[in-house]
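Sequential numbering from 4 applies to the sequence shown in this note's numbering.
Note that CB positions come from ideal geometry on N, CA and C, so glycine has one too.
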Amino acid sequence: ETTLDRTIAPLYTAFAHCLPSIESSFTNFPSFSIPPPPLGSSHLITTLSRTARTSLIFGLITPLPKRYNNSKEMSNKARIIKGPPANKVVKDCSVGQFFLERLRKHSNRIFEIDAETGQFQTNGNILEKSVKLAEILKRRNVKLEDKISIVSENHRNWFVAALAGIYVGAVIAPLNPSYTEFEMKHILNISKPRIIFVSRRTEKLCSKVITNLSWQIELIELDDEALTSNVPTLKSLLETTDCYTDPYRYTPVDIGDNKKRPILILCSSGTTGLPKGVMLSHQNLLNFTQNISKSDYLNIMQDDRILIFLPFYHGYAFGILSIVTISGSTLVRISNFSIELLFTSIERYCITFLPIVPPVLIILAKHPAVPSYDFRSVNKVLCGAAPLPKKLLSEAKKRLNVKSITNGYGMTELSIVIGFSDQSGENDNAISKLMPGIHCKIINPETFETLGPMQPGELCVKGEHILMLGYYGNRKATDETIDNDGWLHTGDVCLYDESGKLFIVDRLKELIKYKGYQVSPVEIEILLLSHPAVKDAAVAGKPDENSGELPMAFVVKQPNTKVTDQDITDYVKRQMSPQKWLRGGVRFIDAIPRNSTGKVMRRELRNLASNL
Numbered sequence: 004e005t006t007l008d009r010t011i012a013p014l015y016t017a018f019a020h021c022l023p024s025i026e027s028s029f030t031n032f033p034s035f036s037i038p039p040p041p042l043g044s045s046h047l048i049t050t051l052s053r054t055a056r057t058s059l060i061f062g063l064i065t066p067l068p069k070r071y072n073n074s075k076e077m078s079n080k081a082r083i084i085k086g087p088p089a090n091k092v093v094k095d096c097s098v099g100q101f102f103l104e105r106l107r108k109h110s111n112r113i114f115e116i117d118a119e120t121g122q123f124q125t126n127g128n129i130l131e132k133s134v135k136l137a138e139i140l141k142r143r144n145v146k147l148e149d150k151i152s153i154v155s156e157n158h159r160n161w162f163v164a165a166l167a168g169i170y171v172g173a174v175i176a177p178l179n180p181s182y183t184e185f186e187m188k189h190i191l192n193i194s195k196p197r198i199i200f201v202s203r204r205t206e207k208l209c210s211k212v213i214t215n216l217s218w219q220i221e222l223i224e225l226d227d228e229a230l231t232s233n234v235p236t237l238k239s240l241l242e243t244t245d246c247y248t249d250p251y252r253y254t255p256v257d258i259g260d261n262k263k264r265p266i267l268i269l270c271s272s273g274t275t276g277l278p279k280g281v282m283l284s285h286q287n288l289l290n291f292t293q294n295i296s297k298s299d300y301l302n303i304m305q306d307d308r309i310l311i312f313l314p315f316y317h318g319y320a321f322g323i324l325s326i327v328t329i330s331g332s333t334l335v336r337i338s339n340f341s342i343e344l345l346f347t348s349i350e351r352y353c354i355t356f357l358p359i360v361p362p363v364l365i366i367l368a369k370h371p372a373v374p375s376y377d378f379r380s381v382n383k384v385l386c387g388a389a390p391l392p393k394k395l396l397s398e399a400k401k402r403l404n405v406k407s408i409t410n411g412y413g414m415t416e417l418s419i420v421i422g423f424s425d426q427s428g429e430n431d432n433a434i435s436k437l438m439p440g441i442h443c444k445i446i447n448p449e450t451f452e453t454l455g456p457m458q459p460g461e462l463c464v465k466g467e468h469i470l471m472l473g474y475y476g477n478r479k480a481t482d483e484t485i486d487n488d489g490w491l492h493t494g495d496v497c498l499y500d501e502s503g504k505l506f507i508v509d510r511l512k513e514l515i516k517y518k519g520y521q522v523s524p525v526e527i528e529i530l531l532l533s534h535p536a537v538k539d540a541a542v543a544g545k546p547d548e549n550s551g552e553l554p555m556a557f558v559v560k561q562p563n564t565k566v567t568d569q570d571i572t573d574y575v576k577r578q579m580s581p582q583k584w585l586r587g588g589v590r591f592i593d594a595i596p597r598n599s600t601g602k603v604m605r606r607e608l609r610n611l612a613s614n615l
């Protein structure tokens, strides 16, 4: 924005706040419904020049240029936070072509290591298997935009199946292997896959579910042996099918315009209801992969070793798989998560980059065994999914001996991630580095007014190459999420400071409504996690006839500690304002219900609170 913009914007706002009486005297002065600032908030006046202040005092109003006659337009322009200009994405390139080139380039480098066994696969191994499987899928008449699902733990052949489907132009629809029969049936009815790759852990459930569906689905087993003889294994298909194609000359199917061609249907987190299928395009994923590894962002290099325990079916982990593919770095894969395996893997494989979620941050900050391990190889840590308590960040940084822990903000609907905190370590919670082409604004969710600095509201995002194609098979939900001007409404409560740094406050739908106040459960959780006797905690609203909802805490105690519900209640009462007090009570439980990426399943807690 120009200097003129920065001068006139606060001047114009100051008129609205400080001189409402002049509205009746000047017909060309627009009407404002903005409430006045609290007594003492004179920053709008003090930021103006002496001449501007004199003009305000004496009411010497000069007609504003035509471009400012629409206050709403001026306000929106002045308060939109922008990332660097968008990069050009080649329209006729597919993700399959891009990944193939990188696998060939790094064919002799190790692609992935099994953290438990130490067995590894090179990029060349992945390349050969995925190309042959693509030819097998082609023989099975898998065509452009047919759906292929993968229902498995983090399996050594998981990405092979995904790549093969991508090469032939299919849409990959990976699913959570922990889904119940009801959840699995729901999401399969959305994506309607032709083929499902399963493991021995999920084969039985998937075999049962598909018998009750209205279309034919073929199962292929990723493990070397299937549970039943009628399910072919990937190994047998690769060994017995006579369709050799030179992987260094193979050409993926032509997908046409990559902006319109879908590549992924990823499940939404399901924190507010049953999961929806988020449809991303080839261009979405190309834009992500071309930007994410650059030095301005994660700065992933060939020699990096990345530990991945996050589930492959989730956008966060799929993004990491993409990063490994294009950078030539090495993935260390954990299929069966345990704290001991996490710690030993970091030490044994000299992990350099550690992508985590808040529950693991808590482990790194509080677990007594951490000092016994050598984590000196770690130089980059990425954490996403929720705001991070400063005390925990500080302790985790100290234990890992890293300068900063990068906080990433994103959502599947925005092609995985839109921005990161900087590497200075001064404020790891501030999203200060937006991805190229990203525009953000904060709005009042009731009036849709664009808000200024330090005013919490709903974060809306738009930008080139990053918006999802939509929720697959759900136009209504898509229209409710992306407005007519192309802004995606995230449902997250955020604010930004004068320098344009974004701060994530909470989920809009998770705010506790207490006597007209909107209370952030995350804010209370951050305080609870600072208590020495608290291992983990979550807060939800307990329905109340008189107050609407009462903040209620669910707490997991540290082992061998004595703490009462009154201790926790008093701890919050001493440090927080009255509307945030735990009037709904404190309940000690064995574990906080979280989804696979660490997000609190607050619906379950609300249901539990309702029944107490």
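Asked                                                                                                                                                                                               : Found
With respect to the beta strand (DSSP E) encompassing M471, which residues constitute its N-terminal and C-terminal limits?                                                                         : No beta strand (DSSP E) contains M471, which DSSP labels as neither H nor E.
Taking the C-alpha atoms as reference points, what is the distance between F340 and H317?                                                                                                           : 16 Å
My parser needs the beta strand (DSSP E) runs of 3 or more residues fully inside the stretch 157-227; what are they?                                                                                : 198-201 and 221-224
Report the rounded CA-to-CA distance for V360 versus A118, giving the unit in angstroms.                                                                                                            : 19 Å
Please state whether the Cβ-Cβ distance between G667 and R112 is less than 8 Å.                                                                                                                     : Nothing about residue 667 can be read from this structure; the chain reaches only from 4 to 615.
Just the C-alpha distance for Y251 and P524, rounded to the nearest angstrom, thanks.                                                                                                               : 53 Å
Do you know offhand how far D495's Cα is from C463's?                                                                                                                                               : 9 Å
So what does DSSP say about F451, is it helix, strand or coil?                                                                                                                                      : coil
Based on the DSSP output, what are the partners of K150 in its beta bridges?                                                                                                                        : V174
Would you kindly check if the distance between the Cβ of I198 and the Cβ of I169 is under 8 Å?                                                                                                      : no
If I349 and I326 are in contact, beta carbons under 8 Å, what's the gap, nearest whole angstrom?                                                                                                    : Wrong, their Cβ atoms sit about 18 Å apart, outside the cutoff.
When the Cα atoms are used, what is the spatial distance from P265 to T125?                                                                                                                         : 28 Å
For Q305, which residues of its own chain have a beta-carbon under 8 Å away from its beta-carbon, when the five flanking residues on both sides are left out?                                       : H109, R112, S330, G331 and S332
Could you tell me the boundaries of the beta strand (DSSP E) in which L514 lies?                                                                                                                    : That residue, L514, is in no beta strand (DSSP E); it is neither H nor E in DSSP.
Mind checking which residues open and close the beta strand (DSSP E) that includes H285?                                                                                                            : No beta strand (DSSP E) holds H285; the alpha helix (DSSP H) holding it covers H285 to I295.
Beta-carbon within less than 6 Å of I469's beta-carbon, same chain only, minus the 5 sequence neighbours each way: which residues are those?                                                        : L417 and S418
Between which two residues does the alpha helix (DSSP H) harbouring Q426 extend?                                                                                                                    : Careful: Q426 lies outside any alpha helix (DSSP H) and carries neither H nor E.
Ends of the alpha helix (DSSP H) at F101?                                                                                                                                                           : V98 to K108
Taking just the CA atoms, how far does S97 sit from R107?                                                                                                                                           : 16 Å
Let me know if F61 comes out buried or exposed under the rule of 16 or more other beta-carbons within 10 Å of its beta-carbon.                                                                      : Residue confidence is low: F61 scores 28 on pLDDT, short of 50, so the model does not pin down where it sits. No coordinate-derived value is stated.
Determine whether the beta carbon atoms of L237 and N160 lie at a separation below 8 Å.                                                                                                             : yes
Let me make sure I understand the geometry here. Which of L283, H189 and K150 has the alpha-carbon closest to that of T481?                                                                         : L283
Give a yes or no on whether the C-beta atoms belonging to G99 and P255 are separated by under 8 Å.                                                                                                  : yes
Looking at chain D, is there any beta carbon in it that lies within less than 8 Å of the beta carbon of C497?                                                                                       : Absent from the structure is chain D; it holds one protein chain and no more.
DSSP three-state call for D482: helix, strand or coil?                                                                                                                                              : helix
Whether or not the stretch 350-370 and the stretch 526-540 are in contact is what I'm after, with contact meaning three or more pairs of Cβ atoms, one per stretch, closer than 8 Å; do they touch? : yes
Under three-state DSSP, which class holds V537?                                                                                                                                                     : strand
Taking the beta strand (DSSP E) that N410 belongs to, which residues open and close that run?                                                                                                       : T409 to Y412
Could you check what DSSP says for V589 in three-state terms: helix, strand or coil?                                                                                                                : strand
For a quick check, are the C-beta atoms of Q582 and Y499 less than 8 Å apart?                                                                                                                       : no
Over the uninterrupted beta strand (DSSP E) stretch that includes T125, give me the two end residues.                                                                                               : F123 to T125
Once the 5 residues before and after V381 are set aside, which same chain residues still bring their CB inside 8 Å of it?                                                                           : I349, I354, T355, F356, L357, L403, N404 and V405
Which term fits E228, buried or exposed, when burial requires 16 or more other beta carbons within 10 angstroms of its beta carbon?                                                                 : exposed
By the 10 Å Cβ neighbour count, where 16 or more other Cβ atoms means buried, how is G601 classified, buried or exposed?                                                                            : buried
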